[in-house]
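Before any comments, here is the structure.
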Amino acid sequence: MAGLRFATLLWIFLVHLAGIYLFTRGFLLMRLSLTDISDCEPHCTIIPTHKRAIVLVIDALRFDFISPNPPSPPSEYHHNILTLPRRLTEAHPEHSFLFDSHADPPTTTLQRIKGLTTGSLPTFMDIGNNLGGSSIAEDSIMVQLQRAGKKAAVTAYNTARKVAFMGDDTWMSVFPNSFHPDMTFPYDSFNVEDLHTVDEGVIEHIFPLLEDPSKPFDFLIGHFLGVDHVGHRAGPEHPIMKSKLQQMNDVLERVVEKMDDDTLLVLLGDHGMDRSGDHGGDSTLETSAALWIYSKGAPLTQKRSKVPIPSGLLQYRTFPGATVPHRAVQQIDLLPTLSLLLGLPIPFNNLGGVIPELFWRDSRGKILERALELNAQQIHRFLTTYRASPSGGELDEAWNTLQRAWEAVANATPGTEAKLVAMNNFARQSLAACRVMWAQFNPILMGMGLALFGMSLCASWGLFVGFSKAQMQWKEWVRGNGSKCLIATIFGTIAGIGVSFVGRMVWEGIGVIDYAIFGATLASCATVIILSPPFTGLSSLSLSPVLMILHAAAFLSNSFTVWENWIIPFFAVTAIIPYTLKGLTSLNAQVRFRTAAFSLLYAIAIRLMSVSTVCREEQQPYCHVTFYASSSLTAPPKLVVLLAIPTALAIPRIIRRFLNPSLSFNGIAKIYYPLIFSPSILGGALYWILEWADTTSALGEEWNPTLRLARTWIARFAFGWVTVAGLALWYYVPLCIEVTAIDKGTVILGFGNIFGASYLVYWSIFFTIVYITTQAPGQIVLGLGMVALIAYLEVVDIERDTTSRSGVRFWDVVAVALLGLHAFYTTGHQSTIPSIQWKTAFLITPTVKYPWSAMTVITNSIGPIFLFALAVPLVVLWGFSPRGIQIPDISSTVELNAALVGIGVMIYYATLLMGASISAAVLRRHLMVWKIFAPRFMAAVLGLVVVDLAVLVGVGFGVWRVGGFVEHTFRKLAGPENEAPKEE
């Protein structure tokens with residue numbers, strides 16, 4: 002019986018995966034990378050200005066860290082921004098240029114390295130590669146450097162191209178064979194707690210190369226990580242940022258001193274950072290990266306030329322908070338500029354435009370015209386080749402516009418300003434067209450995914466209504482109709498494959514597997530719907546999930562999506578109102594009092610959870626960060642640090658207070674809560690206190706290594722103790738009862754809540770794991786969430802007893818489903834990439850170690866949703882006793898009810914995904930699609946997958962074990978006439 006119910010839940014999960022696969026394939030497309038190489042020396046380059054180049058990347062170097070016009074009033078850290086670039090730019094304007102460069106999102110290091118070296122654009126899905134990059138197959142400046150060294154010299158500068166590298170090891174994953182083996186010094190890039198090792202490593206190896214009279218390198222890359230790690234760990238306004246920026250300024254002073262006149266120096270940030278020190282999204286602070294180009298010898302421009310650069314070639318932008326606009330470029334503009342300055346061809350896939358100032362070296366502008374011409378020709382070659390590729394149809398909408406822009410270039414008179422502007426406009430229009438092009442979608446695949454979402458909801462609702470209304474007996478229905486569903490699935494697969502041979506000639510980008518999955522899933526869902534009882538009658542409509550429908554429909558509003566975390570608490574409190582009203586109308590005064598008390602406790606807990614907030618960019622200036630000490634400091638507030646230990650000590654006592662009325666603090670509870678649960682969550686709290694002390698150097702920096710070692714082993718103990726000892730103890734002795742033999746029979750203490758108390762132990766094991774991975778403010782939130790959960794369970798149990806209701810209603814799961822989302826938002830998360838709490842990767846290891854680091858980050862991110870989905874069976878188990886149930890039916894009864902509420906919560910999150918998917922599909926051309934709707938769609942995907950897995954783990958293992966053990970125990974205790982034991 003348990004196997005049949007689990008199979009049904011697994012089927013729903015697989016149907017969800019099928020819909021997710023198809024819709025995601027149509028919505029989140031990746032661009033086609035052309036493998037062509039620019040090979041046209043010397044006709045597609047110009048005479049170089051420098052023999053070699055030094056490219057220094059200060060990870061997350063935001064423009065205002067280096068700007069001559071910092072925000073007003075300046076923040077404290079602006080007193081120690083990088084002063085050398087500003088000073089040299091003011092003193093030597095012909096040799097030094099400062100730019101605010103726009104880094105295309107996603108603003109993650111790997112994607113920006115790809116952009117900087119290939120000149121291409123990332124896509125939304127590229128961010129998934131940031132933790133595990135693969136080598137770049139496209140043409141790049143690294144390829145051109147290698148080819149220049151292998152070919153016969155075109156100029157005296159092209160005889161050798163030895164590339165040196167030191168710093169962030171991400172470069173090694175994308176260019177594994179590009180660096181000289183004797184000048185390669187990579188360092189681990191993901192240990193954000195280490196603020197100095199990478200920077201000190203770069204410093205250690207760069208200066209011997211600069212001081213070597215033979216100048217053994219032609220291109221040197223130094224990638225510093227300290228500024229980025231300070232931002233992630235402590236925030237951009239932490240005092241450590243001041244000292245780190247000062248260190249970088251000192252390094253620049255030495256580099257400028259040691260470099261020779263034939264070397265070009267480029268300093269840049271691969272991206273910026275937001276107010277909390279994170280990045281990955283597309284906010285102005287994240288996309289505004291610093292760019293400084295300096296030549297110690299030959300001037301880069303004629304600043305005092307009587308003929309100014311045409312204004313149509315220059316763009317300006319005002320940084321947030323600044324008083325004046327500043328010269329702005331696209332970050333990928335660096336690639337064609339640097340390539341031509343070094344006498345290299347521009348890489349084939351480049352979409353950047355040359356920076357005009359660096360080629361304005363003659364009064365007639367001939368050098369600039371030639372640079373713009375080479376740039377325009379290269380972009381035109383790329384677009385023409387892409388147009389002829391299998392993905393060329395993506396350019397259809399923009400092709401006429403691009404052709405007109407290219408004709409304008411051809412028709413403009415050489416040597417005129419119009420010619421320069423026309424070539425620059427062609428480059429910019431091409432860039433804009435490709436940005437739109439790589440936001441192309443496959444509406445057929447998206448429609449197939451939406452169809453499966455809709456069919457899965459109908460089928461799931463049919464099963465829920467049918468089983469909850471006892472119109473269908475689960476065992477008989479599955480056994481009688483399972484074969485029919487299987488046959489329909491097989492025929493659907495065959496039909497899908499057959500249709501694919503016709504469909505592929507009509508619709509591009511859809512493979513045989515896509516058609517097969519769609520056909521199989523559609524046929525399977527349709528069969529379940531047909532075989533289930535009709536669910537459109539009045540009895541079904543009375544279960545209509547109003548809040549769920551409103552919640553899903555509201556995703557069509559970008560305002561609701563942005564402010565969802567503020568609206569969820571209202572929904573959560575609304576969900577308990579029907580139970581509260583029912584209890585308050587009881588004639589029993591004690592029932593009214595308990596209903597009012599637990600309802601009030603639930604509402605207060607929900608409200609207190611709402612105090613914890615993190616803000617997304619779109620919520621400013623109406624949102625105030627409370628999860629962290631401030632919007633720019635990632636340490637917790639000091640009050641939270643003081644409350645961490647009291648919270649950890651209070652949680653076990655609160656659980657005991659809830660268990661005492663039913664005498665359920667017996668059996669395993671007496672051992673588990675004081676000896677396993679309490680030490681583990683106390684260890685989790687202590688870890689984050691020590692992490693705070695380490696981050697803020699509260700005990701002095703000399704204590705930091707000791708704190709790191711101590712908190713690592715505390716976290717390992719907490720994880721290991723609750724996982725190994727807790728699960729083993731619960732598996733072998735899961736019941737919270739005490740059996741006492743008396744003269745007339747057997748008394749069982751805890752009988753009245755035997756299922757709920759025992760499953761709560763199982764749930765609390767996962768609660769502890771999530772608790773440990775959650776930062777200190779989130780731990781308080783989780784504690785409040787647990788209180789709200791049990792208070793809600795008490796209210797539902799009271800209502801059930803008052804009305805003598807034994808069935809399951811959909812409304813029963815709504816509050817718990819909303820609690821999961823509420824906990825997600827209030828534990829420091831948002832439906833945005835920058836809200837990922839990367840410091841949790843270092844919980845049980847001081848450096849990044851797979852799979853442990855990935856597991857702790859994932860647990861921190863999606864753990865709250867998983868936790869409350871896992872708690873859904875408690876809705877029917879809490880306060881439920883085997884009274885009146887025949888011993889052979891005990892296990893099947895609890896598994897049936899638990900499976901029903903499991904289907905209910907799966908329906909809720911599937912409906913949210915449906916709403917998010919429709920909004921993403923309908924609004925795919927909306928200005929905010931990648932900023933708002935796509936991240937919420939991805940969050941909805943993760944939420945549904947996590948909920949489905951939680952239901953499978955909870956019902957398939959937790960409820961099965963508790964129900965089976967209760968049945969087994971009662972069989973042993975039953976008398977000769979199979980009488981049930983007495984309860985107390």
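2 is the number of the first residue of the sequence shown in the working numbering; add one for each residue after it. For each residue, glycine too, the CB sits at the ideal point set by N, CA and C. These numbers were taken from a predicted model, which means no experiment stands behind them.
Specify, as a first and last residue, the run of the beta strand (DSSP E) that residue i falls within.
i, result
"F186", "185 to 188"
"I919", "Note, I919: premise wrong, no beta strand (DSSP E); alpha helix (DSSP H) at 891 to 923."
"V330", "327 to 331"
"L57", "53 to 59"
"Y317", "316 to 318"
"I294", "289 to 296"
"H206", "Element bounds for H206: not the beta strand (DSSP E) but the alpha helix (DSSP H), 198 to 212."
"T741", "739 to 743"
"G168", "164 to 169"
"D101", "97 to 103"
Output the boundary residues of the alpha helix (DSSP H) element that contains residue i.
i, result
"H969", "961 to 974"
"G821", "812 to 827"
"F383", "367 to 388"
"I791", "777 to 804"
"I770", "755 to 774"
"H272", "Premise fails: H272 is in no alpha helix (DSSP H) and is neither H nor E."
"I114", "110 to 119"
"D397", "397 to 412"
"P337", "335 to 342"
"T417", "Counting along the chain, T417 falls outside any alpha helix (DSSP H), and DSSP gives it neither H nor E."
"D619", "The amino acid at residue 619 is misidentified as Asp; the sequence shows Glu. First-last for E619: undefined, no H or E at that position."
Can you round the beta-carbon distance between residue i and residue j to whole angstroms, since I take them to be within the 8 Å contact cut?
i, j, result
"A922", "M447", "5 Å"
"A758", "S663", "7 Å"
"L62", "G282", "At roughly 17 Å, the Cβ-Cβ gap does not stay under 8 Å, so L62 and G282 are not in contact."
"L953", "W475", "Actually they do not touch by this definition, with Cβ atoms about 16 Å apart."
"G955", "G753", "That belief does not hold up - the Cβ atoms of G955 and G753 are roughly 22 Å apart, past 8 Å."
"D140", "P348", "4 Å"
"T775", "T828", "5 Å"
Look at residue i and residue j and say whether their C-beta atoms are less than 7 Å apart.
i, j, result
"G784", "I652", "yes"
"T285", "E358", "no"
"V642", "W704", "no"
"T848", "N192", "yes"
"V723", "I791", "no"
"I82", "L246", "yes"
"G584", "T596", "yes"
"G120", "I333", "yes"
"A911", "L945", "yes"
"K420", "A411", "no"
"M249", "I59", "yes"
"F767", "L871", "yes"
"G964", "V895", "yes"
"F867", "V947", "yes"
Does the CB of residue i have a neighbour CB from chain D at under 7 Å?
i, result
"M167", "The question asks about chain D, but that chain is absent: this structure has only one protein chain."
Worksheet item: Looking at C-beta atoms only, is the number of pairs between the stretch 423 to 441 and the stretch 368 to 381 that lie closer than 8 Å three or more?
Response: yes
Item to complete: Take every Cβ of the stretch 490 to 500, pair it with every Cβ of the stretch 457 to 472, and state whether three or more of those distances are shorter than 8 Å.
Response: no
Worksheet item: Are the stretch 720 to 728 and the stretch 687 to 696 touching by the rule of at least three beta carbon pairs closer than 8 Å?
Response: no
Item to complete: Evaluate contact between the stretch 180 to 196 and the stretch 220 to 240, counting only Cβ atoms and requiring at least three cross-stretch pairs below 8 Å.
Response: yes
Worksheet entry | Whole runs of the beta strand (DSSP E) within the stretch 217 to 270, excluding any shorter than 3 residues | 220 to 225, 264 to 269
Discussion item. Does the structure place the stretch 851 to 865 close enough to the stretch 906 to 918 that three or more beta carbon pairs sit under 8 Å?
Written reply: no
Fill in: Length-filtered (4 minimum) alpha helix (DSSP H) runs lying within the stretch 470 to 522
475 to 507
Discussion item. Would you call the stretch 270 to 284 in contact with the stretch 236 to 247, where contact means no fewer than 3 C-beta pairs closer than 8 Å?
Written reply: yes
Worksheet item: Contact between the stretch 112 to 123 and the stretch 310 to 323: three or more CB pairs below 8 Å?
Response: no
Discussion item. At 4 residues or longer, what runs of the alpha helix (DSSP H) sit wholly inside the stretch 819 to 877?
Written reply: 853 to 871
Discussion item. Restricting to runs no shorter than 4 residues, where is the alpha helix (DSSP H) found entirely within the stretch 635 to 678?
Written reply: 639 to 660, 669 to 673
Discussion item. Contact between the stretch 242 to 260 and the stretch 201 to 212 is defined here as three or more beta-carbon pairs at a separation below 8 Å; is this criterion met?
Written reply: yes
Worksheet item: Contact between the stretch 337 to 344 and the stretch 385 to 402: three or more CB pairs below 8 Å?
Response: no
Practice prompt. May I ask you to verify whether the stretch 44 to 54 touches the stretch 929 to 949, counting CB pairs closer than 8 Å and requiring at least 3?
Written response: no
Worksheet item: Can you find at least 3 beta carbon pairs, one from the stretch 9 to 24 and one from the stretch 225 to 235, that sit closer than 8 Å?
Response: no
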